[in-house]
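Working notes, structure below.
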Amino acid sequence: MLHAEGPLLSVDLTEQTHETEEIDDALSEFIGGRGVGTKLAFERTPFDADPLGPENRLFFTTGPMQASRMSYTGRTNATALSPLTEGLVSSNAGGFVSRNLAGTGYGAIELKGESDEPVAIHITDEGIEFDPVPDLEGALVSEVTEYVEDERDLNEEHAVAIGPAGENLVRFASIMTTESRAFGRGGLGAVLGSKNVKAITFDGDSHPEIEIPNVQNDVHREAATTDHIMKRQGTTSVTDLANEVNGLPTRYFSEQQFEGAEGINGDRVEEKKFKKGTCSACAFACKLPTKDEESGLETEGPEFETVMAFGSNCAIDDIVDVMQSNELCDELGMDTISCGNTVAGYLASEDAFGDAELIHETVEKIAHREGIGDTLAEGISRAHEELGVGNWTVKHLSFAGHEGRTLHGQGLAYAVANRGADHMYSTFYAWEYPLVGKDDAFPQGGFEGKPEAIVEQENARALEDCGIVCRFSRGVMNPERYEGLFGVDHEELLEVGARVVEMEREFNNERGFDRSDDTLPYADQLDGFDDALTEYYAVRGWNDDGTVSAGASADD
């Protein structure tokens, strides 16, 4: 079976030393990406580790195709204990760093301990160097990129970095790459900040040789020639549909339709797009470099989730205001979903919906933990009581924009996802929207047949993350092409995905997670939710309390 190659580079930040270890078993069992990150964390991170302490280990992992030129493979995985959810989280980012990480020749990189001063780490196929960077304290992500360019003669495509939010341990801080691409959900930027690492660069020419010419050429051709609205509008193309089906979170989840959606929808974003944007070697080119000519503001995006969090959920109906929020989060290094929803909760407490100036001021305060920002930097699940608003999270992770009160299967998927209220864990919303030409869709309401289907989609998404293959490859990367790439039956590949989900679950069980965490703030409004949850566990072969039989993952 095709899998990532290369040893583990283990970096001890406390001692500023490093060593390599062979991880052939992890690579062969879990392919790469999220699977290998999960396996390594399960074996090497203490179950009782403090997510912001030196015992937490952060893993960057690559997949078998990141050294190729195949469309949809320009992504990189990061795995660690989350300071937001306090469970195990994997996050992957697009851009161009994936190929440069693969060029170092390592199958995975582990960061453990913590530096006693701010450092930038330079990793190549010839070694590793630690650069003290006291002058980068408080620097924006773009300023860190300038440092990389000046000091290492490497462009932004070689670096991952944090902004002030990561340094200040904001629980939903992101690790940024290519300036605007994010390891967004779960607060991994705070993990890097807790280790006093401001940036990491990857460089080298030790790419593994992978021969996949037939599949690679076919996938590239389809990605280039398909006429898809995402090439023009990215994920914001779904904004109007979500609004039409009563599924667009509005005014901190108090409503499900936004009267101002026309001002922030895909058409408005397309009007601001001024050039094509893509990830490494990808012909699909769905990214959104945007510019407001009047103000001169340039950013990348916003995508749908940012439009929801900083748009409808804050009652903002001007796309330029959302673009500004997006750019602030990119520069300060924060997840736009968690940040936007947290700001929306604050606006609800202040009866200040629609105040763009207050929103932007609050984003800055969160990143620097100033005033009310110090409370909000803990995340809305920890701040909601002080604010006097509801807790719209699952496992402390803020909801994405696909409304589970309308799309009941997606609601169940939010509840059971090991990462929390994350739409990308299963992407089950795509099976409940009334999309043209989709003949395997489910009705939006009810749970009949959905628990089993959610399991299937979680396994498929986990397989993609082992690959590491973009979510938007669906349809192009069909089972036959997976079999052609990996050389094994597709059902066998899906079993890899199932093992990843189960290992994440067992890790979280060891940290105290159980059925009580697999819930929703509106669970009692969804008839049949508890029965569907029990059915989901049964399909997985788990216990009714949401736990995995002890030692199950170790036996795999």
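The UniProt record's numbering puts the first residue of the sequence shown at 1, with every later residue one more than the last. Positions of the beta carbon are idealized from the N, C-alpha and C atoms, including for glycine. Nothing here was measured: the structure is a model prediction, and the numbers come from that model.
Look at the alpha carbon of residue i and the alpha carbon of residue j, and state the distance between them as a whole number of angstroms.
i    : j    : result
T290 : T427 : 26 Å
G379 : D203 : 35 Å
D135 : S28  : 42 Å
E110 : F353 : 43 Å
D330 : S349 : 26 Å
G107 : F59  : 10 Å
A532 : A224 : 40 Å
S71  : A161 : 25 Å
R369 : A309 : 20 Å
V141 : S115 : 20 Å
V500 : I454 : 15 Å
V245 : G390 : 23 Å
G35  : A462 : 8 Å
A460 : D351 : 42 Å
I123 : E19  : 12 Å
I316 : D205 : 47 Å
N56  : A41  : 9 Å
E255 : S194 : 37 Å
V320 : G401 : 19 Å
S325 : A139 : 18 Å
I468 : T76  : 7 Å
Determine the extent of the beta strand (DSSP E) in which residue i is found, giving its start and end residues.
i    : result
L9   : 8-12
F183 : 181-183
T362 : Careful: T362 lies outside any beta strand (DSSP E), inside the alpha helix (DSSP H) at 356-368.
T38  : Here T38 belongs to no beta strand (DSSP E); instead the alpha helix (DSSP H) covers 33-44.
Quick one: is residue i buried, meaning 16 or more other Cβ sit within 10 Å of its Cβ, or exposed?
i           : result
D335        : buried
G296        : exposed
N155        : exposed
T14         : exposed
H228        : exposed
P479        : exposed
F274        : exposed
R221        : exposed
Q525        : exposed
D544        : exposed
A441        : exposed
S516        : exposed
N341        : buried
S549        : exposed
K276        : exposed
D50         : exposed
residue 559 : The displayed coordinates of the chain run from 1 to 556. Any statement about residue 559 would go beyond what the structure contains.
P46         : exposed
D518        : buried
Following the continuous alpha helix (DSSP H) through residue i, name the residue where it begins and the one where it ends.
i           : result
V119        : Where V119 is concerned, there is no enclosing alpha helix (DSSP H), although the beta strand (DSSP E) it sits in stretches over 119-124.
T239        : 239-244
D25         : 24-30
E480        : 479-486
T20         : First-last for T20: 17-21, but that is the beta strand (DSSP E), not the alpha helix (DSSP H).
P451        : 450-467
R232        : 230-233
residue 594 : Past the edges of the chain, shown from 1 to 556, lies residue 594, and the structure says nothing about it.
F529        : 529-540
N508        : 490-510
Give me the Cβ distance between residue i and residue j, rounded to the nearest whole Å; I'm assuming they're in contact under 8 Å.
i    : j    : result
Q66  : S91  : Not really, about 16 Å apart at Cβ, beyond 8 Å.
V488 : I31  : The Cβ separation is near 10 Å, so there is no contact.
L397 : A421 : 5 Å
Y429 : L407 : 5 Å
For chain D, find out if any of its Cβ atoms is closer than 8 Å to the Cβ of residue i; answer yes or no.
i    : result
V197 : Absent here is chain D; the protein component of the structure consists of one chain.
Where in the segment 58-103 do unbroken runs of the alpha helix (DSSP H), each at least 4 residues long, occur, reported from the N-terminal end onward? 97-103
Within the segment 273-353, ranges of the alpha helix (DSSP H) (whole runs, at least 4 residues): 304-310, 319-332, 336-350
Please give the ranges of any beta strand (DSSP E) in the segment 111-199, keeping only runs that are unbroken, at least 3 residues long and fully inside the region. 119-124, 127-132, 159-161, 175-177, 181-183
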